[in-house]
Amino acid sequence: MERREFLKGLLGTGAVATATTAEASVQRHREPAADAIGMLYDATLCIGCKACVVACREVNHLEPEGTLHDRQTELNCNTKNVIKLYKDEADPSVFSFMKQQCMHCIDPGCVSACMIGAMHKEKGGLVAWDGDLCVGCRYCQVACPFQVPKFEWFQASPKIVKCELCKERLADGKQPGCTEVCPRKAVIFGKLDELKTEAHRRIAEQPNLYQPKVYGEEEAGGTQVLYLSHVPFEKLGLPTLDGTSIPYRSESVQHGVYQGMVTPVVLYAGLAAVVVKNWRKGEGEGEGPSDEKKEHTP
Amino acid sequence: MASTSSFDPSPIEALQALEQRGLDRRAFMKVVSAAAAAVGLPASLVPQMAQAAAVKKRPSVVWLHFQECTGCTESLLRPANPDIANVILDVISLDYHETLFAAAGYQIEKALKTAVEENAGKFVCIIEGAIPTKDNGIYCKIGGKTAVEIVNEVAGKAGAIIALGSCASFGGIPAASPDPTGAKGAPAVLAGKTVVTLPGCPTNPYNLLGVVLQFIAFGTLPALDSKGRPLFAYGRVIHEDCPRRPHFDAGRFALAFGDEGHRKGYCLYKLGCKGPSTHANCSLLHFGDVAGAWPIGIGHPCVGCTEQAIAFRVPLHDTVGIDRPTPPDQYPPIATDHESRVSPLATGIAGVAVGAVIGAVAIGASRLSKEPLKDEPKKEG
Amino acid sequence: MSAHAQPSPVGGKLLTPGYLLLLAVAAVGAGFSLWRFTKGLGPTTSMSDGYPWGIWIAFDVVTGTALGAGGYALAILVYVLNQGRYHPLIRGALVTTALGYTIASLSIVLDVGRWWQLWKLPFFVSHWNGNSALLEVALCVMSYTAVAWLEIATPVLGDYKGSKRNPKLAALAEKLHPALKKALPFVIALGVLLPTMHQSSLGTLMMLTARLHPLWHSQLLPLLFLISCIGMGYGGIILESTLSHRAFRRSVDSPLLSRLSKVVAGVMLGYVVLRLGDVVTRGALANASPGYVFLFGVELFLFAVPAFFLWSDLRKNAGVQFGAAFALVIAGALYRFDTYLVAYEPGNNWSYFPSVPELIMTFGLVATELAVYIFLIKRFPILGGRSSEPVT
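Same order as they appear, the protein sequences are chains A, B and C. Our numbering numbers the first residue of the first sequence as -6 and each following residue consecutively. Our numbering numbers the first residue of the second sequence as 7 and each following residue consecutively. Our numbering numbers the first residue of the third sequence as 158 and each following residue consecutively.
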């Protein structure tokens, strides 16, 4: 058989095998688990009291950002939850508070990125970090569209730090620290489908107040932390994303090529066959397709 | 001393009985309610407290004085509206008090001995003042006995021990450097015993009233922290309940007595306020029946009189650290700024390295290009 | 007369002043790395939450492995496409590859925050996340490093069979070489499969982020990375072969290299067509800022112009060959730097430029690679070509 045709046939077989196995597991967006939990933050109710910021610090035993005051300005390795203020430059009477923490995506980019499953989803779909597995490669930071995971740059033994929905408290039957302490119920905890229903109910009740969308319902394939707001979401720093889950961007390729390792195995078989055949052609001369004669031994 | 009652009258009858003694019912209820609120007991229990206060056999109280200024006793006697002293003195049987008793000498010592023996295991022992321990405690002797001996003897038989004031709680002023008498608080001398400490200089009288009323009404003591202080009064630091806290959060401080900030009532932290480290409820109760009559309220920083580590040790105008910093009264913007990570030196080094490599390659390439061309061999099969 | 003289050690003094300088740079870099391990990445690098990946990833790993893809590119030519005439270049290329991947692996240990957990990666199979392109890169790089060393060690060891001057190596060769040689074709096939997988996956890595500028973020990232890597591999061979043969006074097979140049040119022109086509089809040029368009243009220029030179007859000029090969390597490096750093936009005024310690540690790693390379070609039969100097 002509070498060229052999190779062609090989690649063709590989392609067919790949195509037939590539399909079902790669999805543009996944459905949340049946027991999915989450939070709903209603920016119209938030008064910016920062009780949630203080509670998160205490519950998670995090270092304060300063000696006199605890000046948390953004998420970082000591801050898992922060309240920011948006003020319209033109009209200062238009303002909104914004609570920022992990979005606990339904199909997270960080979980897809993590080589060894240090970033993983736990009961209820909350996204947690496992220090026993993490090597500190920081790919999760690259993958997160909300720039949530933070790294302890100034530690010799650094951790990845982000909101984990107070999973120890949840195991004890309690609520996350922030939702428990909020005096206006601006951020509430509950089952994801109930939160979605409640969010839509509020929009229907006061359509002139709210933006006509629940942020997180479809963004990045859906997040388990939902937002309601009276100002446009991008003003609050929430990125504009379509309904495609972040992992789909690379899994469409990864699974396409590597699904079940079929293509690599087939490709290897073909390569090995070709190399061995060429090897035998050049056999007897020492080490392969060369017609050198040994002139001296070193 | 009033006679005891063997029946259990209704609250109305109990209050009528008090009225006969000349005690205004309204004032009485006011005091009991205030004490109940201070202790954190629900309003529904007030009638029970009132009844107990009015009716039960008045428990015996032995009040010991040692190295003290009597300020704690005075703070109890001062208020007039309502008249706490009368309430307290009518609901307890004060069987020994050096300041208030007319008796002296052998008579008063006999009263003490009798009260202790008759009510052993049931009386409340209130201790006011520090106890000197140096040189076998000779620096305070009453009736020939040292304070150490007295307190061990009396408190040893008490049903409840209350150390009133900073001096009795941890040594207070007598224990301040150089502490020539080895002054100690009651808990240090009565090692192993449960002592309710009510530090303060003076202690707010409502705190004492709350503890005493709870004990006589229910026979229990309030929840205490590791230093024996009732949590209802000493569970939070002044900083947490201070009316000037919004000024602290906004960064508005008085920097000198009489300056503009001081006149406007700004936070006194920078003048040395020990509020962030001092457990007490002064900002909630105030003193002397006058609203706003407490140190910070009148424009002087808290001196931390309830804290052993601070009181009479740390200079008045030295600032303390904040144990639990909280967010300031400012908000970060949505988009945070970050300082530049571009170092000119690094840029220079990188530029030199890249330039050197490119330069070397350019020179090499031009030299190589001067070599004669060599033809490629014909294509093999 | 055959110019394909059998590979032999270059010999000569190892500890020349230049070599000692290399060792000094390597030692300084090692010293700085101790600081990095004890104090963390924050004090020693410019990386931040905005830019979690810096030059240790973009240059040392991504560009470094592509530079070291010479062994891969040549193996395809020689062993798969059976172009045996390029065989004399293979040992030098394989050493470059093996060293390049070893240094890239060291860079990874330097870069990751919890490096003591790295051993778990190949063994904790039940924890492997099959969705992660980075896992595939990590496992492939680990395996390919081993494969590359096997590929070069086997023929070199074989040369020592029956050697009287090196009895220890001769004994080792007697024991190991037969099995190694039998396995070699299968190892070589692996050495073609593995880089195909991970060099393309290095492109897939950056598909996952939402912060890559549209001029670089594309569905074709894996293919573009693979093709440009092949070009960089061939370019690297031309560079390495020219430099080492001339530095150590061996004759250069210029006609061979100029044939290779034509192959490279073809591959690069294919890359340019794909890249331009992809960007135009997606309309990514439309809203791009002038700075990004310029950068994109420079990339394409650095690919296209040398490719034309290498296609034309000018490729027979050693200087043109050398300069064009270098430009291609720079082009591939620039493409990778742009994808990983320059066109990565974290917003919020984050900025990144390698810090001085970061640069020093990179120089240290490069110096280490050069020092080991020089040691190997001086002591072991790697380079071919007739020597213009007597071998000492």
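Backbone N, C-alpha and C define an ideal beta-carbon position, used for all residues, glycine too.
- Listed along chain A, the residues sitting closer than 7 Å to residue 327(B) by beta-carbon distance are 60.
- For residue 246(C), the nearest beta carbon of chain A is not closer than 9 Å to its own beta carbon.
- Nearest neighbour of residue 76(B) by Cα position, chosen from 200(B), 36(B), 211(B) and 161(B), turns out to be 211(B).
- DSSP places residue 89(A) in the strand class (E or B) of the three-state scheme.
- Here the alpha carbons of residue 376(B) and residue 363(C) stand approximately 43 Å from one another.
- Residue 133(A) is a Cβ neighbour of residue 103(A), given a cutoff of 9 Å.
- By the CB criterion at 9 Å, residue 274(C) and residue 98(A) fall outside the cutoff.
- When Cβ-Cβ separations below 9 Å define contact, residue 127(A) makes contact with chain C.
- Closer than 9 Å to the CB of residue 477(C) there is at least one CB belonging to chain B.
- Counting along the chain, residue 203(B) sits inside the beta strand (DSSP E) bounded by residues 201 to 204.
- Shown here is that no member of the stretch 31 to 47 of chain A has a Cβ falling below 9 Å from a Cβ of chain C.
- Going by C-alpha positions, residue 161(A) is about 32 Å away from residue 234(B).
- Your pair residue 138(A) and residue 213(A) checks out as a contact, with CB atoms roughly 6 Å apart and the cut at 8 Å.
- Between residue 117(B) and residue 141(B), the CB-CB gap reaches or exceeds 9 Å.
- Listed in chain order, the non-local C-beta contacts of residue 110(B) below 8 Å within the same chain number zero, local neighbours out to five positions each way being set aside.
- A distance of 9 Å or more separates the beta carbons of residue 356(C) and residue 261(C).
- For the options 267(A), 236(A) and 266(A), the alpha carbon positioned closest to that of residue 23(A) is the one of 236(A).
- Where residue 246(B) is concerned, the enclosing alpha helix (DSSP H) starts and stops at 244 to 247.
- Between residue 199(C) and residue 122(A) a beta carbon distance of about 19 Å is seen, past the 8 Å cut, so the two are scored as non-contacting.
- DSSP places residue 99(B) inside the beta strand (DSSP E), whose first and last residues are 99 to 103.
- Annotation: Cβ neighbours of residue 340(B) in chain A (cutoff 8 Å, chain order): 77, 78, 79, 91, 228, 229 and 230.
- Between residue 248(B) and residue 281(B) a beta carbon distance of about 6 Å is seen, short of the 8 Å cut, so the two are scored as contacting.
- Residue 251(B) and residue 332(B) have their alpha carbons spaced roughly 11 Å apart.
- Residues of chain B whose Cβ lies closer than 7 Å to the Cβ of residue 67(A) are, in chain order, 338 and 342.
- The alpha-carbon of residue 204(B) is positioned some 31 Å away from that of residue 268(B).
- In the DSSP annotation of this structure, the continuous segment of the beta strand (DSSP E) that includes residue 183(A) starts and ends at 180 to 184.
- Below the 9 Å Cβ cutoff, chain B contributes 349, 351, 352 and 355 as neighbours of residue 513(C), in chain order.
- For the C-beta of residue 178(B), not a single chain C residue is nearer than 8 Å; the gap to the nearest is close to 47 Å.
- In the three-state reduction of the DSSP assignment, residue 203(A) falls in the coil class, being assigned neither a helical nor a strand state.
- DSSP places residue 425(C) in the uninterrupted alpha helix (DSSP H) bounded by 411 to 439.
- The shortest C-alpha to C-alpha distance from residue 140(A) to any of 539(C), 207(C), 453(C) and 496(C) is the one to 207(C).
- Here residue 376(C) is exposed: its Cβ has fewer than 16 other Cβ atoms, across all protein chains shown, within 10 Å.
- Two segments are said to touch when three or more pairs of C-beta atoms, one from each, lie closer than 8 Å; by this definition the stretch 311 to 329 of chain C does not touch the stretch 288 to 302 of chain C.
- Under the three-state reduction of DSSP output, residue 98(A) falls in the strand class.
- Look at residue 40(A) here: in three-state DSSP terms it is coil, with no helix or strand label.
- Listed along chain C are 474, 475, 476 and 477, each with a C-beta nearer than 7 Å to that of residue 375(B).
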